[in-house]
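Below is one structure, written out as structure tokens; the observations come after it.
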Amino acid sequence: MNIIGIVLFPPIAFVIGIFFIGLSRRIMARIQWRYGPPIIQPIIDIIKLFSQRSVSHGIIFGLGIILSLAGSIVVVLFLPLGKICPISNSGGLLVIFYLMLLMPLGAALSGGEAANPNTSIGISRKLILALGYEVPLLLILLAVMTYYKTISIIEIVTIQQSMGWSLVSLPLLLSGIAYLFILPAIMGVRPFELIKAPQEISSGPIVEYGGNFLALTTIEHALSLFIGIALFVNLFLGGGGIGSISLQLESLLTSAGLGCIVSFLTGIVFFIKMLVVFVIVILINAVYPRLRVEQAIKYLWKWPTLFAFIGLVIVLIIRR
Amino acid sequence: MSLQLILIIAFSGAFITYLLGKLSHRVRDYFAVLVSCALVVIIALFYGKSVGKTFYLVFLDLPLFLELNTLSWFFAITIAVMGVLSIIFSLSYIKGKERTDFYYLMMLLVNASMLGIVLSGDLVSFYIFWEIMSWSTFLLISYNRGPALAAGMKYIIMSVIGSAAMLIGILSLYTTCGTLIISEIAVNITSASSGYILFILISFVIGFGIKSAIVPLHTWLPYAHSEAPSPFSAVLSGILIKMGTYGFLLIMYVVIGLKAFLELGSGLLNFHYILCWLGAITIVIPTFIALLQNDAKKLLAWHSIGQIGYIILGISFGMSLSVAGGIFHIFNHATFKALLFLTVGAVEYRTNGVRDLNSLGGLIKKMPVVFIGALVGAFGLIGIPLTNGFVSKWLIYKSLILQGQPFLAFFALIGTWGTILSLYKFLHNIFLGQLPEKYKNIKKAPFSMQFPIIIFSLIIILFGILPGIPLRVVNTIVTSFGFESLNVNLWGIASETGALNTVNIFAAIIVAGIIVWLIFKAGRKAVSVAQDDNYAAGAYVPPDKYHYTVDFYNPLYRMISPFLRDFVDKFYTKLAGWTRNLCSGVRRLYTGDVGNYVIYIVLFLALLIFIQLNWSIW
Numbered sequence: 008m009n010i011i012g013i014v015l016f017p018p019i020a021f022v023i024g025i026f027f028i029g030l031s032r033r034i035m036a037r038i039q040w041r042y043g044p045p046i047i048q049p050i051i052d053i054i055k056l057f058s059q060r061s062v063s064h065g066i067i068f069g070l071g072i073i074l075s076l077a078g079s080i081v082v083v084l085f086l087p088l089g090k091i092c093p094i095s096n097s098g099g100l101l102v103i104f105y106l107m108l109l110m111p112l113g114a115a116l117s118g119g120e121a122a123n124p125n126t127s128i129g130i131s132r133k134l135i136l137a138l139g140y141e142v143p144l145l146l147i148l149l150a151v152m153t154y155y156k157t158i159s160i161i162e163i164v165t166i167q168q169s170m171g172w173s174l175v176s177l178p179l180l181l182s183g184i185a186y187l188f189i190l191p192a193i194m195g196v197r198p199f200e201l202i203k204a205p206q207e208i209s210s211g212p213i214v215e216y217g218g219n220f221l222a223l224t225t226i227e228h229a230l231s232l233f234i235g236i237a238l239f240v241n242l243f244l245g246g247g248g249i250g251s252i253s254l255q256l257e258s259l260l261t262s263a264g265l266g267c268i269v270s271f272l273t274g275i276v277f278f279i280k281m282l283v284v285f286v287i288v289i290l291i292n293a294v295y296p297r298l299r300v301e302q303a304i305k306y307l308w309k310w311p312t313l314f315a316f317i318g319l320v321i322v323l324i325i326r327r
Numbered sequence: 228m229s230l231q232l233i234l235i236i237a238f239s240g241a242f243i244t245y246l247l248g249k250l251s252h253r254v255r256d257y258f259a260v261l262v263s264c265a266l267v268v269i270i271a272l273f274y275g276k277s278v279g280k281t282f283y284l285v286f287l288d289l290p291l292f293l294e295l296n297t298l299s300w301f302f303a304i305t306i307a308v309m310g311v312l313s314i315i316f317s318l319s320y321i322k323g324k325e326r327t328d329f330y331y332l333m334m335l336l337v338n339a340s341m342l343g344i345v346l347s348g349d350l351v352s353f354y355i356f357w358e359i360m361s362w363s364t365f366l367l368i369s370y371n372r373g374p375a376l377a378a379g380m381k382y383i384i385m386s387v388i389g390s391a392a393m394l395i396g397i398l399s400l401y402t403t404c405g406t407l408i409i410s411e412i413a414v415n416i417t418s419a420s421s422g423y424i425l426f427i428l429i430s431f432v433i434g435f436g437i438k439s440a441i442v443p444l445h446t447w448l449p450y451a452h453s454e455a456p457s458p459f460s461a462v463l464s465g466i467l468i469k470m471g472t473y474g475f476l477l478i479m480y481v482v483i484g485l486k487a488f489l490e491l492g493s494g495l496l497n498f499h500y501i502l503c504w505l506g507a508i509t510i511v512i513p514t515f516i517a518l519l520q521n522d523a524k525k526l527l528a529w530h531s532i533g534q535i536g537y538i539i540l541g542i543s544f545g546m547s548l549s550v551a552g553g554i555f556h557i558f559n560h561a562t563f564k565a566l567l568f569l570t571v572g573a574v575e576y577r578t579n580g581v582r583d584l585n586s587l588g589g590l591i592k593k594m595p596v597v598f599i600g601a602l603v604g605a606f607g608l609i610g611i612p613l614t615n616g617f618v619s620k621w622l623i624y625k626s627l628i629l630q631g632q633p634f635l636a637f638f639a640l641i642g643t644w645g646t647i648l649s650l651y652k653f654l655h656n657i658f659l660g661q662l663p664e665k666y667k668n669i670k671k672a673p674f675s676m677q678f679p680i681i682i683f684s685l686i687i688i689l690f691g692i693l694p695g696i697p698l699r700v701v702n703t704i705v706t707s708f709g710f711e712s713l714n715v716n717l718w719g720i721a722s723e724t725g726a727l728n729t730v731n732i733f734a735a736i737i738v739a740g741i742i743v744w745l746i747f748k749a750g751r752k753a754v755s756v757a758q759d760d761n762y763a764a765g766a767y768v769p770p771d772k773y774h775y776t777v778d779f780y781n782p783l784y785r786m787i788s789p790f791l792r793d794f795v796d797k798f799y800t801k802l803a804g805w806t807r808n809l810c811s812g813v814r815r816l817y818t819g820d821v822g823n824y825v826i827y828i829v830l831f832l833a834l835l836i837f838i839q840l841n842w843s844i845w
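Chains as they are written, first to last, in the working numbering: chain E, 8 to 327; chain A, 228 to 845.
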């Protein structure tokens, strides 16, 4: 069961992520009164890119991307998707937090080798933005871990099945709202699109990539979309569960020897939750212009941080 | 085999090396490496043993003792390994410079005195070795003269103040307990009042805090670390400042004891709680100051202060997980920070002393091994999984979160981001990007520099994948302090509230990496292009400096730099200025005229007579 999970997980995450990318282009097109490309366009692009010519600036130029993509695959393995959770008991949220560093670091090392100022400016913005949203994000994660008194993400999901979603439980409400505020920044969409900023620094970190480099970057982008939303769904929307009804249904089905149907159902529920969150973020993306770096940091360190801080204080008072 | 042997070899080896240098430089180099290797072997032989009080000398009618337990063994082996690798690195680094004999003497003397400190069984020998260490360090910091002399002066003044505070503590302990043997003080002090324990702790915290550079006492460190010769910066940052943390462990958990230490004070004003917050501040502010630095060694030096914060936070939090994390981090920080200083040393060696981050670049093509070393060191410092830094930080975070201290954990975690930003800048500006025209013909680092870099990298990765090896030793230390034992296995920690399994993580990353690499290989092979063959969106690509490195995080600098001035340093400088003015005022009394002195004596006698007539004291 575990092995199947490990083998199946990254492809599932990739498919979901790439579907989201295609869907986002479709939604954006509809909002702008266009038809837009077919939903499978990103997959066509990836296949095409693998057959195209590319240039390399050195060994790290390629290794960095490999590191970044490998890092995101491992993070995917650590996130429970519904009932399936391959190796998430090897260190908990703290390991996820640290493994998530491999993605920006790998990409940054690879881009640094390129010696293109557009790349370096993009990376510098990427790291600054990450520092910006990491302040509220850490406060939120700590509030969740303190409230549930565990660092294991599986336990957080399990507890939510009996206690209800974190987002609607009163002590974690403010933290959840703060998370919603910073979600566009984590996913790098407008108003926080300053890393790529195509009109300004010609797509920033990925400007030097072509061919299979660009293909791997697109795969990595799909996975990081999945990770960003899946983490939120796991921590605040109860993972694959739908409350106490699901628990009864689950015990019923498991006793009837239909354990895999339960896994499948929770996976579907998980996907629907992710879809809702993603569409909300894309709608925000559609209506906002791009912020400057300073404006982005000022925003992130003002309201979301304040909310997350108060949320953490509330959790502390309740847990004393 | 006895403990005296270690100290005899260490000290006599230092002086013999100096004398051999007068004969032949080559023999001296071999002998210095031999002595430091011998120390590693001998100390390694003591693994798992503990030697009780060994009498070796009488000083001022006080018997002096040596002692070895797991705690001191742990430090001793770290010192010895650091010693041998820094000496090997020095072979080519220092070659051709002046006063090399003196350099080796001082390097070995610092090592010997540090061994003396950790092997001391009583506070007198502890203090004597401590002073030998302080003074030989001073001579090495100011080895390069010029600005190094000022840095050394700053160091020694603060160090003397620290020693004085410590001496007060030692003397007071002697009058109260009637003995200076550490194990006997630990027994006698249990009857002391909590006020007295607080006094002892504060005096020692000042002494050790200056050496390990906790935030209000840190100001000597950035200058000393950046001005010292690079191999010595590695020793300085790697193990010398850890002597302060050794002192902390000694005084908190061996002398005063776990229970008395944790119960000192009440509520939010608990002593260990205040120390934890001091540690948290020590993490955040210096780490973000490091972000603003443009000098490679100064950047690393500020990070040394930041990492000391993690150690202090871990050991003073007083839970078995956090203390284990803190002690393990002492060793880990020694490995990766020494590695980083050595890589800067290698770059400095090949570029004739350039360590300005704005003028380097592209050196990965010329020094690949040094780059890999720097990368591993940077990953360790950040705490990426599969490096030992991750394991120790994980232990600290976990115990902070589970004990309901999320704010302390927040400070520790946000320090990680400061580390990432500045270390990426470090790697990017030195090794990645454009190779400047003047470094086109640079050679790769000599083998004697690559060897320590490779060894340190291997240690970091080995103990990151199999942290159980060092954690067993750490666990013995932690249990000897009276904490509950940890459930250590080879791949990490087993526990109910979230286990750690580094081997799983390692396997996952390796397999994922291979799969991605295969996918990557499936595409068309990339064509290698020159560094200036860039896509510039139609703009002209100039042949020379085109890359963006200067002011790398400019928008962030503008936002945070007003908050990150070193106010403490300014205050100390002002204080030093006032003291100088006061002293030069006092000096005016000494006019050199005999007549004036006679007047002083007469006035003084008159004062005495006046007092006697009025109040008849005598």
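The C-beta atom is built at its ideal place from N, Cα and C for all residues, glycine as well.
Status (buried if at least 16 other CB within 10 Å, exposed otherwise) for residue i
i      : result
A/P449 : buried
A/Q661 : buried
A/T297 : buried
E/G211 : buried
A/W842 : exposed
A/W447 : buried
A/V337 : buried
A/P633 : buried
A/V285 : exposed
A/T578 : buried
Rounded Cβ spacing between residue i and residue j (contact assumed at less than 8 Å)
i      : j      : result
E/I189 : E/L307 : 6 Å
E/I72  : E/T225 : Actually they do not touch by this definition, with Cβ atoms about 11 Å apart.
A/S547 : A/E711 : 5 Å
E/Q294 : E/I236 : What sits at residue 294 of chain E in the sequence shown is Val, not Gln. Not quite, the Cβ-Cβ distance comes to about 20 Å (not below 8 Å), so this is no contact.
A/G348 : A/F292 : 3 Å
A/G719 : A/P697 : Not a contact, Cβ separation roughly 12 Å.
As assigned by DSSP and simplified to three states, the class of residue i
i      : result
A/F273 : coil
A/I297 : Reading off the sequence, residue 297 of chain A comes out as Thr, not Ile. Residue state, collapsed to three classes: helix.
A/T570 : helix
A/V777 : coil
A/P290 : strand
A/Y283 : strand
A/G213 : Nothing about residue 213 of chain A can be reported from this structure: the residues present for chain A run from 228 to 845 only.
A/N728 : strand
A/D820 : coil
Contacts around residue i, its chain only, beta-carbon distance under 6 Å, and the 5 residues preceding and following it disregarded
i      : result
A/T543 : Contrary to the premise, residue 543 of chain A reads as Ser rather than Thr in this sequence. H499, L502 and C503.
E/R1   : The structure shown has nothing for residue 1 of chain E, since chain E only spans 8 to 327.
E/E120 : H64, G65, I67 and F68
A/I628 : A636
Residues near residue i by beta carbon distance below 8 Å, same chain, minus five either side
i      : result
A/H655 : T776 and F779
A/G389 : I433, G434, F435, G436, I437, K438 and L444
A/F242 : L332
A/K324 : Y330
A/W362 : I383
A/G707 : The residue you asked about is not Gly; residue 707 of chain A is Ser in the sequence shown. Once the five neighbours on either side are set aside, the close Cβ partners of A/S707 are N296, T297 and L298.
Note to self: Counting beta carbon pairs with one atom in the segment 310 to 318 of chain A and one in the segment 256 to 268 of chain A, are three or more of them shorter than 8 Å?
What the structure shows: yes
Note to self: Along the segment 128 to 145 of chain E, where does the CB come closer than 9 Å to a CB of chain C? Name the residues.
What the structure shows: Absent from the structure: chain C. Protein chains present are E and A.
Next item on the list: Check whether the segment 72 to 85 of chain E touches the segment 13 to 22 of chain E, counting contact only when three or more Cβ pairs, one atom from each stretch, lie closer than 8 Å.
Entry: yes
Note to self: Count Cβ pairs between the segment 608 to 625 of chain A and the segment 725 to 743 of chain A that sit closer than 8 Å; are there 3 or more?
What the structure shows: yes
Check: Hey, is the segment 643 to 655 of chain A in contact with the segment 130 to 147 of chain E, meaning 3+ C-beta pairs nearer than 8 Å?
Finding: yes
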